[in-house]
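In the working numbering, the protein residues as written are 2 to 277. Idealized CB from N, CA, C, for every residue including glycine.
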DNA sequence: AACGATCCCTGTTGGC
DNA sequence: TGCCAACAGGGATCGT
């Protein structure tokens with residue numbers, strides 16, 4: 002599933018092709034992809050003939066600045082990926098949004114389950130969107146452990162749920178939340194407010210190490226609807242996961258058995274022997 | 001305000 | 001072997 006490392010890997014892969022290029026055509030094959038656009042008819046109109054100035058990211062949101070002050074937002078959802086190919090390449094199934102650049106390259110958003118979306122926001126619309134509610138970016142703006150501890154203070158929800166709340170910290174999803182908690186030796190159901198300051202220090206370090214490590218391997222491609230890099234390669238972090246998807250397997254740290262438990266309607270994988 | 005549940009969607013998987 | 005229900009999950013929304 003695309004989480005911060007996968008989105009950042011995508012950003013790095015598409016930035017050079019997008020920046021300085023002009024958008025010549027925009028095709029939307031599935032209207033559902035525009036459900037976050039206040040007026041869906043605005044999307045193509047605002048994108049066409051604009052030059053991409055820069056490509057950024059906040060949490061799992063990919064954001065490109067256009068020279069008309071529009072912010073082009075892409076969220077990969079759970080099955081979305083970007084394909085960067087010559088414009089005459091054959092269309093694969095579920096190529097829901099196709100952005101053609103004047104350089105002869107297509108930016109194609111392929112998303113079978115359509116949990117992802119695109120939008121072209123004015124500055125005011127961006128301010129009104131949920132993007133303005135995002136917490137600090139877990140990679141580029143990770144809070145210090147004292148601040149992280151403060152974000153969790155007084156909260157009764159499970160730490161796992163709080164790590165998934167993008168308003169608290171932006172970027173972690175189900176895979177990396179589990180990986181982070183395993184590295185920090187914290188059980189996922191613990192109330193956020195019960196996380197001690199020393200644990201918050203471990204948690205901060207775990208977030209940084211997990212994300213840095215995953216980024217080095219190009220993210221995680223799971224076996225089903227594999228996330229792929231824009232050039233079609235797989236992300237190889239899947240072989241290095243310590244908790245996620247490892248139900249019944251040995252904990253690589255203590256030799257205990259990883260279990261699967263549903264927390265907040267989401268699968269959580271963790272080691273009861275070394276995560277307290 | 002905080003918390004928890006539900007919904008959206010479809011390719012894949014597992015059980016019968 | 002073939003069919004179909006269950007499953008996966010990010011974020012919005014709603015009820016408590």
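From the DSSP output, in three-state form, read off residue i for me.
| i | result |
| --- | --- |
| residue 101 | strand |
| residue 147 | helix |
| residue 233 | coil |
| residue 226 | With a pLDDT of 47 at residue 226, under the threshold of 50, the modelled position of this residue cannot be trusted; read the value that follows with caution. The answer is coil: DSSP assigns residue 226 none of H, G, I, E or B. |
| residue 265 | coil |
| residue 86 | strand |
| residue 179 | helix |
| residue 243 | coil |
| residue 208 | helix |
| residue 37 | coil |
| residue 92 | coil |
| residue 3 | coil |
| residue 281 | Nothing in the structure corresponds to residue 281, since the chain is present only between 2 and 277. |
Please classify residue i as buried or exposed, where buried requires at least 16 other C-beta atoms within 10 Å of its C-beta.
| i | result |
| --- | --- |
| residue 171 | buried |
| residue 124 | exposed |
| residue 179 | buried |
| residue 279 | A question about residue 279 goes unanswered here, because the residues of the chain that appear run from 2 up to 277. |
| residue 97 | buried |
| residue 65 | buried |
| residue 193 | buried |
| residue 199 | exposed |
| residue 255 | exposed |
| residue 269 | buried |
Give me the DSSP bridge partner(s) of residue i.
| i | result |
| --- | --- |
| residue 171 | 138 |
| residue 29 | 98 |
| residue 254 | Answer is none; residue 254 lacks a bridge partner. |
| residue 192 | 159 |
| residue 109 | 84 and 99 |
| residue 260 | 271 |
| residue 23 | 52 |
My understanding is that residue i touches residue j, with C-beta atoms under 8 Å, so please give their C-beta distance in whole angstroms.
| i | j | result |
| --- | --- | --- |
| residue 267 | residue 175 | 6 Å |
| residue 232 | residue 218 | Actually they do not touch by this definition, with Cβ atoms about 15 Å apart. |
| residue 56 | residue 19 | 5 Å |
| residue 116 | residue 80 | 7 Å |
| residue 159 | residue 191 | 7 Å |
Regarding residue i and the ligand NAD, is the C-beta to nearest heavy atom distance less than 7 Å?
| i | result |
| --- | --- |
| residue 150 | Questions concerning the ligand NAD fall outside what the structure shown contains, since it holds no ligand whatsoever. |
- Message: So within the segment 112-141, which uninterrupted beta strand (DSSP E) runs reach at least 3 residues, ignoring any that extend past its ends?
- Response: 118-122
Which ranges would you report for the alpha helix (DSSP H) in the segment 42-80 if only whole runs of at least 4 residues count? 43-48
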